[in-house]
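A.B. asks: Heads up: the sequence shown begins at 178 in the working numbering, then just goes up one per residue.
Quick reminder that beta carbons are idealized off the backbone N, C-alpha and C, glycines included.
Sharing a structure here in structure tokens format.
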Amino acid sequence: MKIVGIAGSLLSGAYVRGLLEAAGAELPAPADLWIWEGLDRVPPVSDGEIPPPVRDLCQALTAADGAIIAAPAHSVLPQELVHALEWTSSAHGAWPLLGKPVVVVTCGLRPYESMWTQTVLHRALGAAGASVHSAELVAPAGTAVFDAGGRIVHPASRETLRAALGRLRVSPLTVSSPQLN
């Protein structure tokens, strides 16, 4: 099973990237995570030719069985992530998420801290036709999120993540997406 991962942060070394990699380590076998690296090059949706980074993203998502999006816990998403999701929910992007399972992973200091991020991403991914699942993790202030090996430290958070990732099976909905122009 091929899963595409998107780290919803442009900051190098951001915990969101670590969260995505930790999610990849918890994927059920035989799933493989491929992290898409082009978020910083995604422009707003426009008419005309599809920009190369958008084409790459849409082709990767079309070929994948599902996706994981790790996002910051605060309610403001990077504009490039918003643009990427708008492309995937437009006819220009050829609907690459239509009928596919997507897990949104966030981690905050308090329960419900990332509620608005989850809500915004659920709405955008739902508009793209995805089957959306959540893993809202909590790491109390002053505690480590990851161990030295990059795994989620808290057993309850790890189980929450595994349960959500278990939903990344091939969707029972079989949909034929239009081709990119």
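Can you tell me where the beta strand (DSSP E) holding Val281 begins and where it ends?
C.D. replies: Pro278 to Gly285 is the extent of the beta strand (DSSP E) around Val281.
A.B. asks: Is the Cβ-Cβ distance between Ser308 and Val279 less than 8 angstroms?
C.D. replies: Contact flag set, yes.
A.B. asks: Can you pull the DSSP bridge partners for Ile329?
C.D. replies: Bridge partners of Ile329: Phe323.
A.B. asks: If I'm right that Ala247 touches Ala184 with Cβ under 8 angstroms, what's the distance once you round it to whole angstroms?
C.D. replies: Sure, about 5 angstroms apart at Cβ, within 8 angstroms.
A.B. asks: Which residues in the same chain have their Cβ closer than 6 angstroms to the Cβ of Gly444, if we skip the five residues on either side of it in sequence?
C.D. replies: Within the shown structure, residues of the chain are numbered from 178 to 358, placing residue 444 beyond reach of any answer.
A.B. asks: Could you check the C-alpha separation between Glu257 and Pro249 for me, to the nearest Å?
C.D. replies: Rounded to the nearest angstrom, the two C-alpha atoms are 13 angstroms apart.
A.B. asks: The beta strand (DSSP E) spanning Ala129 covers which residue range?
C.D. replies: Any question about residue 129 goes unanswered here, given that the chain covers just 178 to 358.
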